[in-house]
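Chains as they are written, first to last, in our numbering: chain E, 1 to 75; chain X, 1 to 75; chain Z, 1 to 75; chain B, 1 to 75; chain V, 1 to 75; chain P, 1 to 75; chain H, 1 to 75.
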């Protein structure tokens, strides 16, 4: 995986589990199914985390890009 | 349902019940009638939730996209 | 009324009473005279609500779209 | 006065007194001299209000549109 | 001075003293040397005010437009 | 390294360690792999800092540009 | 130095020391190496100030424009 533009990391993370942190402090983990240039994302098998523990299981999840602070591949 | 772009999940959720969470923490559940690229949404048979319980029934509801954090299909 | 795009609901609500909720938590009810793609709205016979009660009567009212969270037809 | 677009209300309010409320909660009343599509406004004989009372007299006043929540004709 | 657009007031205030109020509540007074369509401004002989008193003298000052709430000519 | 535009500093920092500070106060340090005109960044070997100490190790990390306040080369 | 547009002050301040204040209240002082129309800036020999005192020395520093409130030449 060569990363020359920021979205390359998201492309390389497709169909892999990522951790997403929002401006309101919430954390979600799930398989990254899709994203676009606004960083809108869709996760699959998503879970909301609280202090590193699963708070609730959600399934598929659309996250609006402008609420996202960071995305970290977790595998 | 194949999801290659984030809005594919919203398209696949049309006429199905979704949960929408706003920046101010409010949660709404309802049938997704329509959305656009700004993620403006219209729900039908909408209810506002509080701690997972119905707080008020609203009927049809227009939600401005820039207040939305996440949308999760609930069926 | 068929709703395929979010603004269809606003079009169908023209000259009818709607409830508008703002980012600062304020609620207004009034007849929807006009709106545009920014969701700027003009209400007629507008009232500000507090806990579901009329707080003050305002008459005509211009609401800047980027302060609006939701719009719900009330009839 | 026929209002088919939101800015029609502002046009109809030109040279009349309006009340303007800002995102920080401040209220100003004054004669609406000018506005543009960003809702930047110029008031004349402007006063800042506090609890409906005049807090200070300002004269002419430029208000940046993105800080404005609502504009209500007051005559 | 005829004001038909909001920026006409700023043009008419060039090289005159204005009071500028920011979103964070700070107030500055100074001679308006320049502004642009974003309402970026440059003041000369600028002072920061606190409760109407001079808090500090700054000299020339660039203010980013999106932090500005209002501009009032002070002469 | 000659810096005539702000992004020149980021270009000169590619593949070097930088400290990134976010609007929510969080600090990250890592090797700058990529950035774009929105200042979206990808760090490698990233760590979140708290009071100058490593709080957690993250590996690769996508940071959304609009949450970034500052970027400082750390070597 | 003639200032007819706001960015003229920044141009006139190139390679001179400026004080930059951010939306979060932080203040930085340093030599202005570069800026662009978004007011993204690069400072050299930058220091973070606290109550007018040096809090930490940073060296080169990229500041994202949308976090900047004001820039004042300090020499």
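Cβ coordinates follow ideal geometry from the N, Cα and C atoms, glycine included.
#### Entry: Separation of residue 43 (chain V) from residue 26 (chain B), as counted between CA atoms
The residue given as residue 26 (chain B) occupies position 26 in the fourth chain. The residue given as residue 43 (chain V) occupies position 43 in the fifth chain. The straight-line gap from Cα to Cα measures roughly 24 Å.
### Message
Checking the sheet assignment: what are the DSSP bridge partners for residue 44 (chain P)?
### Response
Sequence index remark: in the sixth chain, residue 44 (chain P) carries index 44 (1-based). Looking at the DSSP output, residue 44 (chain P) bridges to P:31.
### Message
Let me check you understand the geometry: is the CB of residue 49 (chain B) closer than 8 Å to at least one non-hydrogen atom of the ligand SAM?
### Response
No copy of the ligand SAM appears in this structure; indeed no ligand is present at all.
### Query
For residue 5 (chain B), which residues in chain Z fall below 9 Å Cβ to Cβ?
Counting from one through the fourth chain, the residue named residue 5 (chain B) turns up at place 5. Neighbours of residue 5 (chain B) on chain Z, chain order: 34, 35, 36, 40 and 42.
### Message
Can you find the residues in the same chain that come closer than 8 Å, C-beta to C-beta, to residue 23 (chain H), ignoring five residues on each side of it along the sequence?
### Response
To locate residue 23 (chain H), count along the seventh chain from 1; it is residue 23. 67, 68 and 69, listed in sequence order.
### Query
Buried or exposed: residue 14 (chain X), going by 16 or more other Cβ atoms within 10 Å of its Cβ?
Numbered from its first residue, the second chain carries residue 14 (chain X) at position 14. The residue is exposed, with fewer than 16 neighbouring Cβ atoms inside 10 Å.
### Message
9 Å is my cut-off, CB to CB: does residue 11 (chain P) come that close to chain E?
### Response
Within the sixth chain, numbered from 1, the residue matching residue 11 (chain P) stands at position 11. No - not a single Cβ of chain E is within 9 Å of the one on residue 11 (chain P).
### Message
Just to confirm the assignment, what range does the beta strand (DSSP E) spanning residue 17 (chain Z) have?
### Response
On the third chain, residue 17 (chain Z) is found 17 positions in, with the first residue counted as 1. For residue 17 (chain Z), the enclosing beta strand (DSSP E) stretches over residues 17-22.
### Task
Could you name the residues that DSSP lists as bridge partners for residue 75 (chain E)?
What you label residue 75 (chain E) is simply residue 75 of the first chain in a count that begins at 1. DSSP lists no partner for residue 75 (chain E).
### the region 36-53 of chain P / the region 46-62 of chain E touching (three or more Cβ pairs under 8 Å)
Fewer than three Cβ pairs drawn from the region 36-53 of chain P and the region 46-62 of chain E lie within less than 8 Å of each other, which leaves the two stretches out of contact.
### Query
When you compare only the Cα positions, how much space is there between residue 3 (chain H) and residue 34 (chain V)?
For the purposes of this step, residue 3 (chain H) is identified with residue 3 of the seventh chain, where counting begins at 1. For the purposes of this step, residue 34 (chain V) is identified with residue 34 of the fifth chain, where counting begins at 1. Cα to Cα, the separation comes out at about 7 Å.
### Query
Which residues, in order along the region 40-68 of chain Z, keep a beta-carbon less than 9 Å from a beta-carbon of chain C?
Among the chains of the structure shown, chain C does not appear; the protein chains present are E, X, Z, B, V, P and H.
### Task
Would you please verify whether the beta carbon of residue 8 (chain B) is less than 9 Å from any beta carbon of chain Z?
In the fourth chain, the residue the question calls residue 8 (chain B) occupies position 8. Yes, its Cβ sits closer than 9 Å to a Cβ of chain Z.
### Task
Can you tell me the Cβ-Cβ gap for residue 72 (chain V) and residue 60 (chain B), rounded? I've got them flagged as a contact below 8 Å.
Position 72 of the fifth chain, counted from the first residue, corresponds to residue 72 (chain V). Position 60 of the fourth chain, counted from the first residue, corresponds to residue 60 (chain B). Between residue 60 (chain B) and residue 72 (chain V) the Cβ distance is about 7 Å, and since that is below 8 Å, they are a contact.
### Query
How would you label residue 11 (chain V), buried or exposed, when you count the other beta carbons within 10 angstroms and need 16 or more for buried?
Residue 11 (chain V) sits at position 11 when you count from the first residue of the fifth chain. Residue 11 (chain V) is exposed by the Cβ-count criterion.
### residue 59 (chain B) in three-state terms, based on DSSP
For the purposes of this step, residue 59 (chain B) is identified with residue 59 of the fourth chain, where counting begins at 1. Of the three classes helix, strand and coil, the one that applies to residue 59 (chain B) here is strand, per DSSP.
### Query
In three-state DSSP terms, what is residue 4 (chain E)?
Walking along the first chain from the start, residue 4 (chain E) turns up at place 4. Assigned with DSSP and collapsed to three states, residue 4 (chain E) falls in coil, not helix or strand.
### Message
So, under 8 Å CB-CB, residue 8 (chain H) and residue 5 (chain P) are touching, yes? Tell me the CB distance rounded to an integer number of Å.
### Response
As a working mapping, residue 8 (chain H) is identified with position 8 in the seventh chain. As a working mapping, residue 5 (chain P) is identified with position 5 in the sixth chain. Rounded to whole angstroms, the Cβ separation of residue 8 (chain H) and residue 5 (chain P) is 17 Å, and the two are not in contact under 8 Å.
#### Entry: Proximity test, Cβ basis, 9 Å: residue 71 (chain Z) and chain X
Here residue 71 (chain Z) is taken as the residue at index 71 of the third chain, counted from 1. So yes, residue 71 (chain Z) belongs to the interface.
### Query
If we cut at 9 Å on Cβ distances, does residue 16 (chain B) have a partner in chain V?
One-based indexing of the fourth chain puts residue 16 (chain B) at position 16. No - not a single Cβ of chain V is within 9 Å of the one on residue 16 (chain B).
### Query
residue 57 (chain P): which of P:16, P:39 and P:31 sits nearest, CA to CA?
Against the sixth chain, residue 57 (chain P) aligns to sequence position 57. If we check each option's Cα against that of residue 57 (chain P), P:31 comes out closest.
### Query
Anyone know if the C-beta pair for residue 39 (chain E) and residue 64 (chain P) falls short of 9 Å?
Residue numbering aside, residue 39 (chain E) sits at position 39 when the first chain is read from its first letter. Residue numbering aside, residue 64 (chain P) sits at position 64 when the sixth chain is read from its first letter. Contact flag set, yes.
### Message
Could you check whether the Cβ of residue 23 (chain X) sits closer than 9 Å to any Cβ belonging to chain E?
### Response
Here residue 23 (chain X) refers to the residue found at position 23 of the second chain. Cβ-Cβ to chain E under 9 Å: yes for residue 23 (chain X).
### Query
Who does residue 54 (chain Z) pair with in a DSSP beta bridge?
In the third chain, residue 54 (chain Z) corresponds to position 54, counting from 1. DSSP lists Z:49 as partners of residue 54 (chain Z).
### Query
Residues bridged to residue 10 (chain E) by DSSP?
Indexing the first chain from 1 puts residue 10 (chain E) at position 10. Note: residue 10 (chain E) sits in no beta bridge, so no partner.
### Message
Checking the sheet assignment: what are the DSSP bridge partners for residue 68 (chain X)?
### Response
Your numbering for residue 68 (chain X) matches position 68 in the second chain. DSSP output for residue 68 (chain X) lists X:22 as bridge partner(s).
### Query
How should residue 21 (chain B) be labelled, buried or exposed, when 16 other C-beta atoms within 10 angstroms of its C-beta is the threshold for buried?
Here residue 21 (chain B) refers to the residue found at position 21 of the fourth chain. For residue 21 (chain B), the number of other beta carbons within 10 angstroms of its own is at least 16, and it is reported as buried.
### Message
Suppose you measure from the CA of residue 19 (chain B) to the CA of residue 62 (chain B); what does that come to, to the nearest Å?
### Response
Taking the first residue of the fourth chain as 1, we reach residue 19 (chain B) at position 19. Taking the first residue of the fourth chain as 1, we reach residue 62 (chain B) at position 62. So the alpha carbons of these two residues sit roughly 14 Å apart.
### Query
CB-CB under 6 Å to residue 75 (chain E), same chain, minus the five flanking residues each way: which ones, in chain order?
Within the first chain, the letter at position 75 stands for residue 75 (chain E). The answer, listed in chain order, is 16 and 17.
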